[in-house]
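A.B. asks:
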Amino acid sequence: MAIDNSVNINEAPERESMEFDVLIVGGGPAGLSTAIRLKQLAIEKQIELSVCLIDKGAEIGAHILSGAVIDPRALNELLPDWQEKVSADLTPVITDRFLWLKENKATHLPLAFLPTCLKNQGNLIGSLGQISAGLAVEAEALGVDIFAGFAATQILFDTQNQVIGVTTGDMGLDKAGNPTAMYQPGMNLVAKMTFFAEGCRGQLGKQLIEHFDLAKNKGKQAYGLGIKEIWQIPKEQHQPGFVVHSIGWPLNNQTYGGGFAYHYGENLVAVGLVVGLNYENPYLSPFEEFQRLKMHASFSAFLKGGERISYGARSMVAGGLPALPELSFPGGALIGDDAGFLNAARIKGTHCAIKSGALAAEALFDSLENGIVDHAVFKMQFKQKFEQSWLYQELYLARNFKPYMKKGLVVGSMLFGAEQLLLKGRSPWTLKLKHDDHEGLKDAKNFQPIVYPKPDGKLTFDKPSSVFLSNTNHEEQQPCHLRLKDNTVPISINLARYSAPETRYCPAGVYEIINEKEQEKLQINAQNCLHCKACDIKDPMQNITWTAPQGGEGPIYQGM
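Okay, so the sequence shown: first residue is 1 according to full-length UniProt numbering, each after it adds one.
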């Protein structure tokens, strides 16, 4: 059960309040597209509509991390002239390559034999953080109130169990939760409609799904952990518009995942690895597997002699259409990755997030009458608009991808490829995942520890130096935002049965087993947290809950 921070407005402590027509929690592409579309419609229909958007990052884009090869379809619909208005350095995809790796070999898979969803012609390479920052400028120009550095930590309900807004987190608390001289209480932000766009495994989105039972009769959600670096490489090794995706090594056949490298901008390469979080081996370290990937000749050839300039990690939803929860509830809706809008087969979610936000905005206007939201009408309109959109069609055609990949890399790839090439995704069956990712982890006694190569400081690196490049900062004298439901579990179960997997699945070295007074203890280095939320997803006993720290804290990604 998730830690529930919801509160009835009548029982909440007295705080300052601000009221809006619409509140949006999250300043990524989903939240910003919702805000922009709302204001576009308000101007078109000559309606006064106050829209507020809050984001926990120090600035819009600070917590945004994506590959990023972007399908511009949804952006083109939202803002036909977006490339003139949004300041971002983007490179069109020119060359597309798909590799099946073995440790000392790479097989090029002919593009002609690959499903359409795995091809990238017409897409753009760049920084989603830059695009988000540019969309924020456009939103503000349309009249949206944007407040960065404010983390939503509680859901506000009225007496009819309807969501009426959120409370932002208190600032200036000590480790015990007591006010210091710097204390500033959070505010109640109240709205007629609240859209939750927190990204993957959103703290409040997770609570809403449980509170309203939005995932009833749905397939289990699946997740992947994406780890990414940006490199500046020698000009002669740079191939602008070159996109590489890989499957296979360094992961085994039972572990879903794949690598990527995108050449863009001024001699920049975004390189990374996605690892499915349903893996079995507790000794597996996604971070170390990524370091191994860079040692393969297919990747090291263009990285050698370059300089690593940025690092980050985040989880991504991968369950697809069968795992999508009910999108709306009394007083609000889930959009973007908070709901699960991502096409895992394409490893793309930006266009899905933007389209989901635009559809939610249009559904809201269809449900407005005399300034009042009819939530039953909104629910019907949002569902109908989604099911009649190209977004639904795209997700429907790829709906069986993740269930197929549960059967192993070789068999899963063959089944998905056959469905896409022969049936064009229109098979008469829909498969659902039946287990949560954390249930996949097996006892350590069934495996041998993995001995990873030591970092060389040129091509491969350790976690501390990597976290340094993410510009991550948390005030140490505050309550730990990584909460344990039972303090005994990390040693009595996680260490005893699984050899402390949290020390490996975390890509930032947050979790560490130390010996204190001849007793083993879990130390949480919360100041290192990248907000990737892998711990919230993968902890085998679901004992760790990620919550938002003070607003404005966490990574400050540059160009991610």
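Quick reminder that beta carbons are idealized off the backbone N, C-alpha and C, glycines included.
Do the region 111–120 and the region 92–99 touch if we need at least three Cβ pairs shorter than 8 Å?
C.D. replies: yes
A.B. asks: Nearest CA to the CA of GLN558: which residue from ARG483, SER470, GLN519?
C.D. replies: SER470
A.B. asks: By the 10 Å Cβ neighbour count, where 16 or more other Cβ atoms means buried, how is THR488 classified, buried or exposed?
C.D. replies: Exposed is the call here.
A.B. asks: Compare the beta carbon distance of GLY172 and TYR183 with 7 Å and say whether it is the shorter of the two.
C.D. replies: The answer is yes: Cβ separation under 7 Å.
A.B. asks: Taking LYS294 and ASN267 to be in contact with their CB atoms under 8 Å, please state how far apart those CB atoms are, rounded to whole angstroms.
C.D. replies: Their Cβ separation, rounded to whole angstroms, is 17 Å, which puts LYS294 and ASN267 out of contact at 8 Å.
A.B. asks: Look at the Cβ atom of VAL166, then the Cβ atom of LEU189, and state whether they are nearer than 7 Å.
C.D. replies: Their beta carbons are under 7 Å apart, which means VAL166 touches LEU189 by this criterion.
A.B. asks: For ARG314 and chain E, any beta-carbon pair shorter than 7 Å?
C.D. replies: Of the protein chains in this structure there is only one, and it is not chain E.
A.B. asks: Unbroken alpha helix (DSSP H) runs of length 4 or more, entirely within the region 192–243: which are they?
C.D. replies: 203–211
A.B. asks: Closer than 8 Å by C-beta to MET18: which residues in its own chain qualify, once you throw out the five before and the five after it? Chain order, please.
C.D. replies: CYS52, MET187, ASN188, LEU189, VAL190
A.B. asks: Run the CB neighbour count on TRP546, radius 10 Å, all protein chains shown included, and call it buried at 16 or more, exposed below.
C.D. replies: buried
A.B. asks: Who does SER328 pair with in a DSSP beta bridge?
C.D. replies: ALA333
A.B. asks: When the Cα of SER50 is compared with those of GLU14, GLY143, GLN384, which residue comes out closest?
C.D. replies: GLY143
A.B. asks: I'd like the span of the alpha helix (DSSP H) that includes GLY357, first residue to last.
C.D. replies: Annotation for GLY357: the continuous alpha helix (DSSP H) segment containing it runs 350–366.
A.B. asks: Going straight from the alpha carbon of ALA270 to that of GLU14, what length do you get?
C.D. replies: 47 Å
A.B. asks: Do PHE302 and ILE347 have their CB atoms nearer than 7 Å?
C.D. replies: no
A.B. asks: State the Cα-Cα distance for the pair GLY551 and GLU59, rounded to the nearest angstrom.
C.D. replies: 10 Å
A.B. asks: Per DSSP, which residues does residue 565 bridge with? Please list them.
C.D. replies: Here the chain comprises residues numbered 1 to 560, so residue 565 is not present and cannot be evaluated.
A.B. asks: What's the call for PHE341, buried or exposed, on a 16-neighbour Cβ count within 10 Å?
C.D. replies: buried
A.B. asks: So, for GLY312: in the same chain, excluding its five sequence neighbours on each side, which residues have a beta-carbon less than 7 Å away from its beta-carbon?
C.D. replies: Only LEU65, LYS228, SER470, LEU530, PRO555, TYR557, MET560 meet the Cβ criterion.
A.B. asks: Which of the three DSSP states is assigned to ILE524 in this structure?
C.D. replies: If DSSP states are grouped into helix, strand and coil, ILE524 belongs with the strands.
A.B. asks: Starting from the C-beta of GLU16, find all residues in its chain whose C-beta is less than 6 Å away, skip the five residues before and the five after it, and write them out in chain order.
C.D. replies: MET187
A.B. asks: When you compare only the Cα positions, how much space is there between THR153 and PRO185?
C.D. replies: 12 Å
A.B. asks: If contacts are defined as beta-carbon pairs under 8 Å, then LYS385 and GLU362 qualify, I think. What distance do you get, rounded to the angstrom?
C.D. replies: That pair is a contact at about 6 Å.
A.B. asks: In chain order, what residues of the same chain have a beta carbon less than 7 Å from the beta carbon of ASP437, not counting five sequence neighbours either side?
C.D. replies: ALA222, TYR223, LEU277, ASN278, ILE537, LYS538
A.B. asks: Terminal residues of the continuous beta strand (DSSP E) containing LYS105?
C.D. replies: LYS105 -> beta strand (DSSP E) spans 105–108.
A.B. asks: Compute the distance between the beta-carbons of CYS200 and SER315, then report whether it is under 7 Å.
C.D. replies: yes
A.B. asks: Any idea what DSSP makes of PRO403, helix, strand or coil?
C.D. replies: helix
A.B. asks: Report yes or no: do three or more beta-carbon pairs, one from the region 329–341 and one from the region 279–294, lie closer than 8 Å?
C.D. replies: Segment contact: the region 329–341 against the region 279–294, fewer than three CB-CB distances shorter than 8 Å; contact not assigned.
A.B. asks: In three-state DSSP terms, what is ILE372?
C.D. replies: strand
A.B. asks: For the region 29–36 against the region 205–221, do three or more pairs of beta-carbon atoms, one drawn from each stretch, fall closer than 8 Å, so that the two count as touching?
C.D. replies: no
A.B. asks: Going straight from the alpha carbon of ASP55 to that of ALA548, what length do you get?
C.D. replies: When only Cα atoms are considered, ASP55 and ALA548 end up about 11 Å apart.
A.B. asks: How big is the Cα-Cα spacing for GLY319 and ALA344?
C.D. replies: 8 Å
A.B. asks: How would you write the range of the alpha helix (DSSP H) that ARG73 sits in, first residue to last?
C.D. replies: That run of the alpha helix (DSSP H) goes 73–78.
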